[in-house]
Each structure stands twice: as structure tokens, then as C-alpha cells.
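Student: Take this structure first; my questions come after.
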Amino acid sequence: MPARAAQLRSCLAVPLALGARRLAARENPMTDRYAVIGNPIAHSKSPLIHTAFARALGEDIEYTRIEGPLDGFAAAALAFRDALGKGLNVTVPFKVQAFELATDRHEAARIAGAANALKFTGSRIEAENFDGVGLVHDIERNLGVSLRGRRVLCLGAGGAVRGAVPPILARATTEVVIANRTVATAQTLAGQFSARGRVTACGYTDLAHEQGFDVVINGTSASLNAVLPPVPAAVFGNAALAYDMVYGKGLTPFLRLAREAGAARCADGVGMLVEQAAEAFVWWRGVRPDTRPVIDQLTVPLA
Ligand code: ATR
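Residue numbers for the sequence shown follow the working numbering, so the first one is 1352 and each next one is one higher.
Have a look at this one:
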């Protein structure tokens, strides 16, 4: 298909994707509209999560998926806003573009340089990023592992870890170590966050003699491809928790190694997913949903 035709088709896909739910909203103009935008997007659990929150709280919203054209994120987001959309969740690959589109950027989004949620109020477009706070809430509230006074190892230095480190440091950890394949990226991150607490950077080989981590978090994209980052088993020896940010993939190679190496507890990122959604829901609607039933519904056993 010629490029222009493909572009047109993907623009048309936005209203088509909204489908019957949008019609329902038009029938009731009081229904507030939200959506998740990404590409691909068919896999997204956000509609299920937000619809469950809304049903439990009696909130009158509709929540749909939008497959944003790869070369047309801003147009798709603005078209949704112009059709009286109130807010968007934003996922891969549009988080940086969403940040750039915003007129008002809240602190977590500024730190991450990326937004995972937008709020539309008149001509204002506010950007937030709830990924990091979602992770911390899942670890501390749901999994019952306090980060206070703990030594935390984060694997990876991409967008996921960039968003996670500041809220982790804010929990008064003793130290956060960022280990990355490309050590320079980890060093840059550690340098950016050094005023917030003790944070250091290293490569995977430097971890060979490290044993004193309480929490080990995999924030690399390796688990998406069932690949194990080159982390030595010894780092899990005293760990209260090994946490993989991916979800729905069962026992990833990272979690399998952690379990075999003695980590007391293993968790994937389903709780982080639901907790970041809950933060967006509170931001948009002003009411806090109970996350537990939705986490239970989405949990895939780590077997
Ligand atoms: P995200 O926004 O999901 O964090 P990203 O910014 O592309 O994605 O970052 C991916 C991270 O996973 C990076 O830290 C990357 O390491 P490099 O900076 O060295 O590229 C890391 N990563 C990806 N595949 C990996 C693998 N097989 N082993 C170890 N680290 C990996």
C-alpha cells in the first residue's frame, strides 16, 4: 500500500477502533471518554482495568484502545481530545512524544522525560508518569516489602528504570545500584539522580561478588523476548524480593534464576501495571479504586 494510503488508513483506524463504545458515549453525552494509545495496542489490558475500576466505583466512563499511527501520534491524540476525550494512557512507542505534546508536565513525567498518562482540560494537556509510583506501591503495599533502609539493584537503564529510580530513592533506601549492559547509560542515570539519594552504576560483570541486595528489579526489555540479562545468581542470595517489570509471561528466565538462587519472593509486573492505572484513575476521576480484585483477575501464576 502506498505510504499516503497507509497513513490515511491508520488515521481512519482511530475512529473505527473506538467502535460501538463511542456510539454508546454519544448516546449519553455525560459519559467521559478515556483511551489507551500505543502501537501495537491489541494486547493492552488497560481497557479491562479501567472498566473494572469504573464499574466498582460507579463512575460513568467509557475506555477504549487506539492504535496510534507510528507517524501520527500527535494527530491521533489531538483528534481524541477534540472528540471530547478527557484523558489518555500512553504506551510504547509514544511515551516521549506524549511528553512533548503536553502543555503542562508534572514532576514524574519531567524526570522520566516521558509520559504514560495525559489529561485534557480545555486547551491544557497535562503529562504525568505513574510507572515508577506504581512499581513502588506494588512492592511496598501489595507485596509487603518495605524499601526503607534496603539495598536495591535495578537491571537496565532505559525508560522503565529512569522512571522507577526516583520514587524508589524517595522511600529512603540505603542504596540503589543501576546495572546495565551499556555502563555509560547507567552512569548517566546515576549522575542525574545523585542528589536524591545514594545511587551508583555498574556493568553486569561488576556484580560478580555482590551479595547484599534486598530487592532486585529487572527493568530491562530482555524478558519480553524470554532472554536473561547477564546477572550473576549470587545477587539473589539474600534478596527478599526479585521483581520482573514484565507481566503475564509466567516464570521469566530472570524470575527462574532468582527463585533457584534463593530469592525469598518473586513477582512479575502485573501489580505495577494495575497500580499505575489506579494512579491515573485517581488523577482523572478523583476517586481511588481498589486494585486487589483486578490484580487477582490478571495474575498469571509464576510456574
Ligand atoms: P524501556 O523504555 O522499556 O526501558 P529501552 O529504553 O529501550 O526500553 O531500554 C531497554 C533496556 O533494556 C536497556 O537498559 C537495555 O540495555 P542497553 O542500554 O545496554 O541497550 C536493556 N536490555 C535490552 N535487552 C537486554 C539484554 N538482552 N540483556 C541485558 N539488557 C538488555
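Every residue gets a Cβ at the ideal spot worked out from N, C-alpha and C, and that includes glycine. Predicted model, so just to flag it, every value in this text is computed and none were measured.
Look up residue 1490 in the DSSP assignment and say whether it is helix, strand or coil.
Tutor: On the sequence shown, position 139 is the one that residue 1490 refers to. Three-state result, residue 1490: helix.
Student: Can you tell me whether residue 1619 is helix, strand or coil according to DSSP?
Tutor: Mapped onto the sequence shown, residue 1619 falls at position 268. Of the three classes helix, strand and coil, the one that applies to residue 1619 here is coil, per DSSP.
Student: Using a Cβ-Cβ cut-off of 8 Å (strictly less than) and excluding sequence neighbours within five positions of residue 1621, which residues of its own chain qualify?
Tutor: As a working note, residue 1621 is residue 270 in the sequence shown. Cβ within range, chain order: 1598, 1599, 1646, 1649, 1650 and 1651.
Student: Using a threshold of 7 Å, is the CB atom of residue 1499 nearer than that to any non-hydrogen atom of the ligand ATR?
Tutor: Reading the sequence shown from its first residue, position 148 is the one you call residue 1499. It does not: the Cβ of residue 1499 is nowhere closer than 7 Å to a heavy atom of the ligand ATR.
Student: Compute the minimum distance between the beta carbon of residue 1533 and the heavy atoms of the ligand ATR, and state whether it is under 7 Å.
Tutor: Here residue 1533 refers to the residue found at position 182 when the sequence shown is read from its first residue. Result yes, Cβ under 7 Å from the ligand ATR.
Student: Mind checking whether the beta-carbon of residue 1580 lies closer than 7 Å to any heavy atom of the ligand ATR?
Tutor: To locate residue 1580, count along the sequence shown from 1; it is residue 229. It does: the Cβ of residue 1580 is within 7 Å (strictly closer) of some heavy atom of the ligand ATR.
Student: Along the alpha helix (DSSP H) that carries residue 1534, what are the first and last residues, could you check?
Tutor: By one-based count along the sequence shown, residue 1534 stands at place 183. Start and end: 1534-1544.
Student: Should residue 1572 be listed as close to the ligand ATR, given that the test is whether its C-beta is under 7 Å from any heavy atom?
Tutor: In the sequence shown, the residue the question calls residue 1572 occupies position 221. Yes.
Student: Leaving aside the five residues before and after residue 1328 along the sequence, list all residues of the same chain whose C-beta is less than 7 Å from its C-beta, in chain order.
Tutor: The structure shown does not extend to residue 1328, since the chain is modelled only from 1352 to 1654, so the question has no answer here.
Student: Which runs of the beta strand (DSSP E), 3 residues or longer, sit entirely within the segment 1397-1427?
Tutor: Segments of the beta strand (DSSP E) lying fully in the segment 1397-1427: 1412-1418.
Student: In the segment 1433-1495, which residue ranges form an unbroken alpha helix (DSSP H) of at least 4 residues, counting only runs that do not cross its ends?
Tutor: If we require 4 residues or more, the alpha helix (DSSP H) runs fully inside the segment 1433-1495 come out as 1446-1452, 1458-1463 and 1482-1488.
Student: For the alpha helix (DSSP H) that residue 1515 lies in, which residues bound it at each end?
Tutor: Taking the first residue of the sequence shown as 1, we reach residue 1515 at position 164. Residue 1515 -> alpha helix (DSSP H) spans 1510-1520.
Student: Helix, strand or coil, according to DSSP, for residue 1611 in the structure here?
Tutor: One-based indexing of the sequence shown puts residue 1611 at position 260. The answer is helix: DSSP assigns residue 1611 an H, G or I state.
Student: Might you give, ordered along the chain, the residues of its own chain that have their beta carbon closer than 6 Å to the beta carbon of residue 1372, omitting 5 neighbours on each side?
Tutor: What you label residue 1372 is simply residue 21 of the sequence shown in a count that begins at 1. Unreliable positioning characterises residue 1372 in this predicted model, as indicated by a pLDDT of 46, which lies under 50. The coordinate reading is nonetheless provided below. 1413 and 1415, listed in sequence order.
Student: Kindly give me the distance between the Cβ atoms of residue 1527 and residue 1516, rounded to whole angstroms, as I take these residues to be in contact under 8 Å.
Tutor: Here the question's residue 1527 lines up with position 176 in the sequence shown. Here the question's residue 1516 lines up with position 165 in the sequence shown. Yes, residue 1527 and residue 1516 are in contact; Cβ-Cβ is about 6 Å, under 8 Å.
Student: In the DSSP assignment, the alpha helix (DSSP H) including residue 1646 goes from what residue to what residue?
Tutor: In the sequence shown, counting from the first residue as 1, residue 1646 sits at position 295. Taken as a continuous stretch (DSSP letters only), the alpha helix (DSSP H) holding residue 1646 covers 1643-1649.
Student: Could you compute how far the alpha carbon of residue 1488 sits from the alpha carbon of residue 1454?
Tutor: Counting from 1 along the sequence shown, the entry for residue 1488 is found at position 137. Counting from 1 along the sequence shown, the entry for residue 1454 is found at position 103. So the two alpha carbons sit approximately 28 Å from each other.
Student: For residue 1577, verify whether its CB is less than 7 Å away from any heavy atom of the ligand ATR.
Tutor: As a first step, residue 1577 must be located in the sequence shown, where it is residue number 226. Outside the cutoff, so no.
Student: Which residues bound the beta strand (DSSP E) around residue 1502?
Tutor: Position 151 of the sequence shown, counted from the first residue, corresponds to residue 1502. Where residue 1502 is concerned, the enclosing beta strand (DSSP E) stretches over 1502-1506.
Student: Given 8 Å as the limit, is there contact between the segment 1578-1592 and the segment 1603-1614, that is, 3 or more CB pairs closer than that?
Tutor: Yes: the two stretches touch, three or more of their Cβ pairs being nearer than 8 Å.
Student: Are the segment 1529-1539 and the segment 1475-1484 in contact at 8 Å, needing three or more beta carbon pairs?
Tutor: Not touching, per the Cβ criterion.
Student: Between the Cα of residue 1606 and the Cα atoms of 1562, 1580, 1406 and 1638, which residue gives the shortest distance?
Tutor: One-based indexing of the sequence shown puts residue 1606 at position 255. The option with the nearest alpha carbon to residue 1606 is 1580.
Student: Mapping the DSSP letters down to three states, classify residue 1547 as helix, strand or coil.
Tutor: Within the sequence shown, numbered from 1, the residue matching residue 1547 stands at position 196. In this structure, residue 1547 counts as helix in the three-state DSSP scheme.
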